[in-house]
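>
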Amino acid sequence: MPVWSPLRSNRRYYSSISFLFLVLAMAEEPAANPCCSVWKFQYTEVVAKRNALREAVNLLSAHINKIEAENLTLSKALEEERARVEAEKDAKAKESVVRVELENEVLQLKSEITSLQENVYAREELLQTQISQGEAESKCLKELLEKEMKRGDAENKKDEAEKSNLGGGTQMIDKDLIQKQVSAEVNRFKELLAKEMKREDSDKKKALESSGLPEAEKSKTDGEEMMVDIERNQVEELRPLWKP
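Read in order, the letters of the sequence shown are residues -27 to -1, 1 to 217 in mature numbering (1 follows the signal peptide of the UniProt record, and there is no 0).
(1) For Glu173, count neighbouring Cβ atoms within 10 angstroms of its own Cβ and tell me buried if that reaches 16, exposed if not.
(2) Is the segment 109 to 119 touching the segment 160 to 169 in the sense that three or more CB pairs, one from each, lie closer than 8 Å?
(3) Taking the Cβ atom as the reference point for each residue, do Asp176 and Gln103 lie within a distance shorter than 8 Å?
(4) If you draw a straight line from the alpha carbon of Tyr16 to that of Asn24, how long is it in whole angstroms?
(5) Buried or exposed for Ala60, going by 16 or more other Cβ atoms inside 10 Å?
(6) Exposed or buried, which one is Glu54 when buried takes at least 16 other CB atoms within 10 Å?
(7) Expressed to the nearest angstrom, what Euclidean distance is found between the alpha-carbon atoms of Leu89 and Arg72?
(8) Between the C-alpha atoms of Glu116 and Asp126, what's the straight-line distance to the nearest angstrom?
(9) Can you tell me whether Leu100 is buried or exposed? The criterion is at least 16 other CB atoms within 10 Å of its CB, across all chains shown.
(10) By Cβ distance below 7 Å, which residues in the same chain neighbour Glu78 in space, the five residues on each side in sequence not counted?
(11) Measure the alpha-carbon distance for Lys49 versus Glu76 and round it to whole angstroms.
(12) Please go through the segment 62 to 108 and give each complete beta strand (DSSP E) segment of 3 or more residues, from N-terminal end onward.
(13) In angstroms with no decimal places, state the Cα-to-Cα distance between Leu51 and Val20.
(14) In angstroms, rounded to a whole number, what distance separates the CA positions of Lys130 and Ser105?
(15) Quick check on this structure: which residue in Ala134, Leu118, Glu135 has the alpha carbon closest to the alpha carbon of residue 233?
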């Protein structure tokens, strides 16, 4: 199937018009030399073809300008698309780098959290061990207190028995010496008890400050300290019983 061309169509159109004008001119003019008529017809046909060619060139130039404008528009669109694609590539590359950095930071944070949890567990075990030791020491002190109280009661009973046996000879016994001995023993025991309690409180405070445990563990430790305070108060209440 032949392709339509504006140049070919215009050429046929102008050729037909030129031929019609030529026929009309020949009909109006008187009969002339047949040779001149042929040359005149050919000249007119050439002029018509030249005009048709000029018109076709003008149309083709306009069409070329239109195509060039379209090409320029397409070139701009292509450059913009390339720039957009490059920008997307750069953005994806930056996003990938940021993602990798964030993943590394997350892994590092997870590692730090795991390490901190292990440290907390270790400190909890250490604190629990120290609390158990403190409870054991408190128990030992309580047993020692009971033993000293029993010994003091036994000595008091012994002194009373000796006094009752001696009767009027009680003045011969050096009461001051006995009182000093008992007071010295009681003071020695009180100093030992105070020293142990002070050391226990210091160890617990150091363990709390270094462990960084939650409030629940601190409350538990406070409860242990409260028990020690109660025992200390009981000791204070029993002090009058130690006096001879």
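The beta-carbon is built from N, C-alpha and C at its ideal position, and this holds for glycine as well.
In terms of the structure at hand:
(1) buried
(2) The way I'd put it, the segment 160 to 169 does touch the segment 109 to 119; three or more beta-carbon pairs between them come closer than 8 Å.
(3) yes
(4) 12 Å
(5) exposed
(6) exposed
(7) 25 Å
(8) CA-to-CA, the gap between Glu116 and Asp126 works out to about 15 Å.
(9) By the neighbour-count criterion, in which a residue is buried when 16 or more other Cβ atoms sit within 10 angstroms of its Cβ, Leu100 is buried.
(10) Taken in chain order, the list of residues that qualify is empty.
(11) C-alpha separation (whole angstroms): 40 Å.
(12) none
(13) Their Cα atoms are separated by approximately 45 Å.
(14) 37 Å
(15) Since the first and last residues shown for the chain are -27 and 217, residue 233 lies out of range.
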